[in-house]
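Asker: My questions will all concern the structure given below.
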Amino acid sequence: MEKPTLPKGTRDFGPLVMARRQYLFNTIGQVFHKFGFLPLQTPAMENLSTLTGKYGEEGDQLLFKILNSGDYLKDVDLSKLEARNSRLVASEIAEKGLRYDLTVPFARYVVMNRHEIALPFKRYQIQPVWRADRPQKGRYREFYQCDADVVGTDSLICEAEIVLMIKEVFQKLRLNDFTLKINHRSVLDGLAEIVNAGGKEADLYVAIDKLDKIGEEKVREGLIQKGFESKSLDALFEILNTKGSNEQKLNLLSNKFQQSEVGKKGVSDLKETLGYLKFLNANEQHVEVDIPLARGLSYYTGCIFEVKVNNVQMGSVSGGGRYDNLTQAFGSKEKLSGVGISFGIDRIYDCLDELNLFPKETATSSKVLVCHFDEASLQYGLNTLSQLRSAGIASEIYPDLAKFKKQVEYADKKKIPFVIIIGPEEVASGQLSLKNLESGEQSKQTIQQIIQALTP
RNA sequence: GUGAAUGUAGCUCAGUUGGUUAGAGCACCAGAUUGUGGUUCUGGGGGUCGUGGGUUCGAACCCCAUCUUUCACCCCA
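The first sequence begins at 9 in my numbering and counts up by one.
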């Protein structure tokens with residue numbers, strides 16, 4: 009008999025972990041709801057045609073594909089099989105795949121249900137996604153995303169509200185040391201004009217995104233290798249290395265972008281977004297304009313966000329941005345702009361765990377265990393149990409006739425704070441023994457008194 | 001996809017230059033204690049040393065392959 013194992017990069021979530029994960033899901037879901045977002049769920053699997061081509065070449069390779077049912081090799085072109093090129097064969101034997109993120113299925117949903125959706129449409133979605141990546145710290149093959157997106161409006165109020173939601177979620181989780189980085193694709197495009205990127209924008213963005221991680225020297229090296237001129241890079245790094253307040257950075261950018269229409273647009277969008285924060289009675293605490301911030305997903309076109317928890321060795325815990333043409337990829341004639349945010353709950357979990365920030369209460373189970381000594385008191389206990397539950401008290405009974413010691417040990421292990429002890433004495437008098445396992449206190453009370461004592 | 005490390009009891013780990021029957025702590029079970037848990041004491045169960053092959057008189061230890069987990073790169077939450 010082989011020992012069972014889990015597929016690489018997947019995990020079970022036991023009761024303790026689940027209690028904590030629920031706490032995260034609930035916290036995030038409540039914030040989304042408060043900002044007017046309503047829940048949506050979509051299938052774990054999508055047609056492969058829905059998924060491919062949306063995440064760039066790299067993303068396509070990370071898609072989990074699902075083998076067709078039945079004799080899936082039967083009709084495959086023999087020449088393709090003989091070529092032994094799995095890519096050629098893949099499209100013929102797999103027409104479904106596991107979702108890679110929640111944004112693309114959302115866009116698909118919007119296009120399919122356009123007739124009954126009131127714009128702007130705000131939805132949130134908390135579901136697992138799958139990536140055929142190689143697992144490492146903070147990276148799993150199955151993980152949950154908590155997304156909130158709004159489509160059908162260009163208003164930058166949405167961007168400002170995303171900033172507010174991020175701030176509120178982390179505040180509620182008592183994760184106070186974080187940085188919400190914000191940038192704009194048009195700012196990056198402006199930079200590309202300055203260095204004459206001409207077609208190599210993607211290389212440029214990927215390279216400068218790593219600035220704070222590997223330093224200016226390495227980034228320069230990388231860019232020169234990609235064919236950028238060393239001279240043009242000086243102007244670039246002068247901008248990228250700007251320190252100071254958000255206002256100072258944005259002013260410098262407007263200065264540098266006097267010749268760049270697209271650059272100006274990026275700066276004004278960022279200014280407007282930050283301006284809305286004031287009207288919403290919020291401030292720029294934790295918010296940092298981060299000029300090198302690029303983010304990988306190729307579909308972003310406007311503001312982009314990323315959240316980093318400070319003093320923890322962990323990639324970004326949240327990210328998002330505005331996309332202009334996602335629904336166009338599904339044949340929508342109308343141009344629907346959208347903006348969204350995604351919280352990576354598995355990473356947030358790891359951060360909270362590392363920083364010891366989970367509230368203690370997330371561990372509790374039943375409030376009380378009914379213990380007994382013989383057949384008669386067990387039977388009596390069942391009636392007691394039913395009364396406790398009618399009163400809304402989470403309770404359980406030890407289901408076997410067992411030594412009292414064993415029953416209390418069970419309560420102890422499950423961190424059940426109270427036991428009710430029922431023996432012949434209690435059955436006769438109706439005065440049950442209630443014991444507080446934490447303090448050791450014990451007293452005789454009627455069931456009504458106990459219910460009153462245990463009702464919060 | 002590229003590169004590296006790791007794997008011994010349920011968990012954390014010892015295990016000498018290759019040499020008798022592979023150990024400890026914690027956890028688990030039982031008893032001390034037949035109506036009182038957490039503490040203590042006593043005893044007990046539990047290992048194909050990741051898997052498969054090879055070298056050797058002899059392998060947990062050396063070699064090869066494979067899988068797992070972890071870390072870095074690429075990319076990403």
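Think of the CB as a built atom: it goes at the ideal place given N, C-alpha and C, for glycine as much as any other residue.
Secondary structure at Glu224, three-state DSSP: helix, strand or coil?
Answerer: Glu224 falls in the helix class under three-state DSSP.
Asker: Give the secondary structure of Pro300 by DSSP, where H, G and I count as helix, E and B as strand, and everything else as coil.
Answerer: Here Pro300 sits in coil by DSSP.
Asker: Compare the beta carbon distance of Glu167 and Arg330 with 8 Å and say whether it is the shorter of the two.
Answerer: The answer is yes: Cβ separation under 8 Å.
Asker: Taking the straight line between their C-alpha atoms, what separation do you get for Glu404 and Asp155?
Answerer: One C-alpha to the other measures close to 37 Å.
Asker: Tell me which residues share the same chain as Ala210 and place their Cβ nearer than 8 Å to its Cβ, disregarding the 5 neighbours each side in the sequence.
Answerer: Taken in chain order, the residues that qualify are Ser306.
Asker: Using only alpha-carbon positions, find the residue among Gln453, Ser447 and Asp420 that is nearest to Ile430.
Answerer: It is Gln453 whose Cα lies nearest to the Cα of Ile430.
Asker: If distances are taken between C-alpha atoms only, which option among Val275, Ser374, Glu314 and Ala461 comes closest to Ile174?
Answerer: Ranking the options by Cα distance to Ile174, first place goes to Glu314.
Asker: Quick one, are the C-beta atoms of Ile216 and Pro143 less than 8 Å apart?
Answerer: Their beta carbons are not under 8 Å apart, which means Ile216 does not touch Pro143 by this criterion.
Asker: Where do the ends of the alpha helix (DSSP H) carrying Pro407 lie?
Answerer: Premise fails: Pro407 is in no alpha helix (DSSP H) and is neither H nor E.
Asker: Distance check for Ala27 and Gly4, CA to CA, integer angstroms please.
Answerer: Because the chain here runs from 9 to 464, residue 4 falls outside it and cannot be looked at.
Asker: Please classify Lys264: does DSSP put it in a helix, a strand, or coil?
Answerer: Lys264 falls in the helix class under three-state DSSP.
Asker: Between the region 229-238 and the region 178-197, can you find at least three pairs of beta-carbon atoms closer than 8 Å?
Answerer: The answer is no - the region 229-238 does not touch the region 178-197, with fewer than three Cβ pairs under 8 Å.
Asker: Can you list, in chain order, the stretches of the alpha helix (DSSP H) that have 4 or more residues and sit fully within the region 50-100?
Answerer: Whole alpha helix (DSSP H) segments, 4+ residues: 56-59, 64-69 and 86-90.
Asker: Starting from His380, trace the beta strand (DSSP E) in both directions and tell me its first and last residue.
Answerer: Note, His380: beta strand (DSSP E), Val376 to His380.
Asker: With distances taken from CA atoms, which of Leu409, Gly323 and Glu169 is nearest Phe45?
Answerer: When only C-alpha atoms are compared, the closest one is Glu169.
Asker: In or out: Val317 buried (at least 16 other Cβ within 10 Å) or exposed?
Answerer: So Val317 counts as buried.
Asker: Tell me where the alpha helix (DSSP H) around Lys316 begins and ends.
Answerer: Careful: Lys316 lies outside any alpha helix (DSSP H), inside the beta strand (DSSP E) at Cys311 to Val317.
Asker: Between which residues of its own chain and Glu446 is the CB-CB distance below 8 Å, once the five residues before and five after are set aside?
Answerer: Result list for Glu446: Pro425, in chain order.
Asker: Could you pull the start and end residues of the beta strand (DSSP E) that Glu150 belongs to?
Answerer: Note, Glu150: beta strand (DSSP E), Glu150 to Val159.
Asker: Measuring only the C-alpha atoms, how far is Val320 from Leu219?
Answerer: Taking the straight line from one Cα to the other gives about 19 Å.
Asker: List the DSSP bridge partners of Leu46.
Answerer: Leu46 is bridged to Arg131.
Asker: Here's the rule: buried if 16 or more other CB atoms are within 10 angstroms of the residue's CB, otherwise exposed. What is Phe178?
Answerer: Its Cβ being crowded by 16 or more others within 10 Å, Phe178 is buried.
Asker: On a Cα-Cα basis, can you pick out the residue from Gly22, Phe114 and Ser326 that is closest to Lys130?
Answerer: Cα-wise, what sits closest to Lys130 is Phe114.
Asker: May I have the straight-line CA-CA distance separating Thr187 from Asp361, to the nearest angstrom?
Answerer: Near 19 Å, if we compare the C-alpha coordinates of Asp361 and Thr187.
Asker: Is the region 392-406 touching the region 341-357 in the sense that three or more CB pairs, one from each, lie closer than 8 Å?
Answerer: Touching, no.
Asker: Suppose the cutoff is 7 Å on Cβ atoms and the five residues either side in sequence are ignored; what does the same chain contact list for Lys16 look like?
Answerer: Excluding residues within five positions, the ones whose Cβ falls inside 7 Å are Pro143 and Arg149.
Asker: What's the C-alpha gap between Gly146 and Asn249?
Answerer: Answer to the nearest angstrom: the Cα atoms are 29 Å apart.
Asker: Using a Cβ distance threshold of 8 Å, determine whether the region 285-301 contacts the region 333-341, with at least three qualifying pairs required.
Answerer: Contact fails: fewer than three Cβ-Cβ distances are below 8 Å.
Asker: Any idea which residues DSSP pairs Gln450 with across the strands?
Answerer: Lys443.
Asker: Need the endpoints of the alpha helix (DSSP H) that Val347 sits in, please.
Answerer: From DSSP, Val347 is part of no alpha helix (DSSP H) but of the beta strand (DSSP E) over Gly346 to Gly352.
Asker: Go to Phe186, then tell me how far its beta strand (DSSP E) extends in each direction, as first and last residue.
Answerer: Start and end: Phe186 to His192.
Asker: In the DSSP assignment, find the unbroken alpha helix (DSSP H) run with Ile125 in it and report its ends.
Answerer: Where Ile125 is concerned, there is no enclosing alpha helix (DSSP H), given that its DSSP letter is neither H nor E.
Asker: Nearest CA to the CA of Leu181: which residue from Val39, Leu244 and Ile455?
Answerer: Comparing Cα positions, the closest option is Val39.
Asker: Quick check on the burial criterion: 16 or more other C-beta atoms within 10 angstroms. Buried or exposed for Leu241?
Answerer: Buried, since its Cβ has 16 or more Cβ neighbours within 10 Å.
Asker: Exposed or buried, Val227, counting other C-beta atoms within 10 Å across all chains shown (16 or more means buried)?
Answerer: So Val227 ends up on the buried side.
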